[in-house]
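Protein chains in written order, with the numbering used here: chain Z, 1 to 287; chain U, 288 to 388.
Glycine included, every Cβ here is placed at the ideal spot set by N, Cα and C.
In what follows, a structure is listed as structure tokens, so that the remarks can point back to it.
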Amino acid sequence: MKELVVISGKGGTGKTTLTASFALLSGNAILADCDVDAPDLHILAHPNVRHAEDFRGGVKARIDPDICSQCGACLDACRYDAVSEEFIVDPFSCEGCSVCYHVCPEGAVILEEGLNGHWYISDTRFGPMVHAALLPGEENSGKLVSLVRNQAKVLAREEEKNLIISDGAPGIGCPVIASVTGADHVVVVTEPTMSGLHDMERAMRLVQGFGIPVSVVINKCDVNSEIEAQIEAFCDEARLPLIGKIPYDASVIRAMVERRCAVENGDGAAKRSVCAIWEQIEQTVIR
Amino acid sequence: MEIEAVRYQVHRALSEVVDPETGLDITRMDIIHDVSIGEAGEVSLVFRPSSPVCPMAYALANAIKKKLEGIADISSVRIHVQNFQRAEHLESLLNVRNESH
Chain Z
1 MKELVVISGK GGTGKTTLTA SFALLSGNAI LADCDVDAPD LHILAHPNVR
51 HAEDFRGGVK ARIDPDICSQ CGACLDACRY DAVSEEFIVD PFSCEGCSVC
101 YHVCPEGAVI LEEGLNGHWY ISDTRFGPMV HAALLPGEEN SGKLVSLVRN
151 QAKVLAREEE KNLIISDGAP GIGCPVIASV TGADHVVVVT EPTMSGLHDM
201 ERAMRLVQGF GIPVSVVINK CDVNSEIEAQ IEAFCDEARL PLIGKIPYDA
251 SVIRAMVERR CAVENGDGAA KRSVCAIWEQ IEQTVIR
Chain U
288 MEIEAVRYQV HRALSEVVDP ETGLDITRMD IIHDVSIGEA GEVSLVFRPS
338 SPVCPMAYAL ANAIKKKLEG IADISSVRIH VQNFQRAEHL ESLLNVRNES
388 H
């Protein structure tokens, strides 16, 4: 079983668009949406949820007013200012570090497992998909990503699929690390903008730190030829395979508006490029 | 000793081991395979962490072994580790504990 993860560094470069197109072209993959903070793949995949479950990844403190002596130890110790003068814990500020639990001389602090989000197994027009969504302000996105990836593997074995395609999270933080560790190949999608280049370099260093094979795709490559050349130079110098460049194509935007993916509309330049990229991935990664 | 009864106990014990990374019990994670139980209560299984670099592999393997050794009808537990970069090292630690029992 192979696991391909698409990440970007910068948000909005076309990760989900490319992931959905890969899923459609593969025709036989399990999908995993690891962007649990702001999942979007379901918008293109049109899921029918077959299994839904709560995600509880951490604890929140609560002070029992019947036991609390209002000594103030928790108020002084809390680094997140989560305890009010009335000795009530604000759940949005509480990080679940449990310092208050340990410093309370009365044993009035209770650590309760909170609801952090939900995760789902769905049937989609691209095939089965595991996806999730954190609730607003909740933590532990890395844990939820690990859960999504694990359940995608379980599903792949159950349904005898040999490929998992994951839509990774933007940035280089915990959810991205959880998205890529142990994967077989990572595709970094960038765009020719200053932030696209900057964030791609950071994402690349992260992936290379884990020793995972990685390749680069430049999306909307023709919107700035100067930075496009800088990205190419970076790839050359770092000996990174640049496996494709996708030109700006208005048909992709029309496809997005219609909740379709880039390879479903017409026969434009973007579609041809994405298909060519997928052929390369099939030959070099999946074979 | 009823092997099927022991198998049920083994499954129940394994379902009490929760992976702190996902919050799921390990029987739902497809990381335990090929559980076999001998006439004398010797149990062997394959532990396949969800990633070759799983940071919880050592802790989970240890928890699995402890849980299974807590079942009265089980005389020994042998865990084979697969799909993990340090499988050999982890197995050697588990086997040392096994031999000392």
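Listed in chain order, the positions of the stretch 54-71 of chain Z with a beta carbon within less than 9 Å of a beta carbon of chain U are Phe55, Arg56 and Gly57.
Residues Ile63, Asp64, Ile67 and Cys68 of the same chain have their beta carbon placed closer than 7 Å to that of Z:Ala108, with the five preceding and five following residues left out of the count. Taking 8 Å as the CB threshold, U:Leu301 stays off the interface with chain Z. Z:Cys71 and Z:Val89 have their C-alpha atoms roughly 15 Å apart. Sequence-ordered contacts of the stretch 321-332 of chain U with chain Z are nonexistent [C-beta pairs closer than 7 Å]. Excluding residues up to 5 positions away in sequence, Val130 lie with their Cβ nearer than 6 Å to the Cβ of Z:Gln151 in the same chain. Annotated three-state conformation of Z:Thr193 is coil, per DSSP.
Two segments are said to touch when three or more pairs of C-beta atoms, one from each, lie closer than 8 Å; by this definition the stretch 48-59 of chain Z touches the stretch 113-120 of chain Z. Straight through space, the alpha carbons of Z:Gly209 and Z:Ala132 are spaced by roughly 27 Å. 8 Å or more divides the Cβ of Z:Val36 from the Cβ of Z:Val187.
Setting aside the 5 residues that flank it on each side, Z:Pro91 is surrounded in the same chain by Lys60, each with a C-beta closer than 6 Å to its C-beta; the list follows chain order. In the displayed model, Z:Tyr80 falls within coil according to three-state DSSP, outside both helix and strand.
Leaving aside the five residues that flank Z:Asp249 on each side, the residues in its chain whose CB is nearer than 6 Å to its CB run, in chain order, Gly268, Ala269 and Ala270. As summarised for the stretch 297-360 of chain U, the continuous alpha helix (DSSP H) elements at least 4 residues long and confined to that stretch are 344-356, given in chain order. About 5 Å separates the Cβ atoms of U:Val333 and U:Asp321, confirming a contact at the 8 Å cut-off. Contact of U:Thr309 with chain Z by beta-carbon distance below 7 Å involves Lys143, Ser146, Leu147 and Asn150. Within chain U, the residues whose beta carbon sits less than 7 Å from that of Z:Arg157 are Asp317, listed in sequence order. Annotation: Z:Tyr248 is outside any beta strand (DSSP E) and is labelled neither H nor E by DSSP. Separation of U:Ile324 and U:His298 (C-alpha to C-alpha, rounded to the nearest whole angstrom) is 12 Å. Contact between Z:Ala52 and Z:Tyr101 is ruled out by a C-beta separation of about 31 Å, above the 8 Å threshold.
Using a 10 angstroms sphere on the CB of Z:Gly168, the tally of other CB atoms reaches 16 or more, which defines it as buried.
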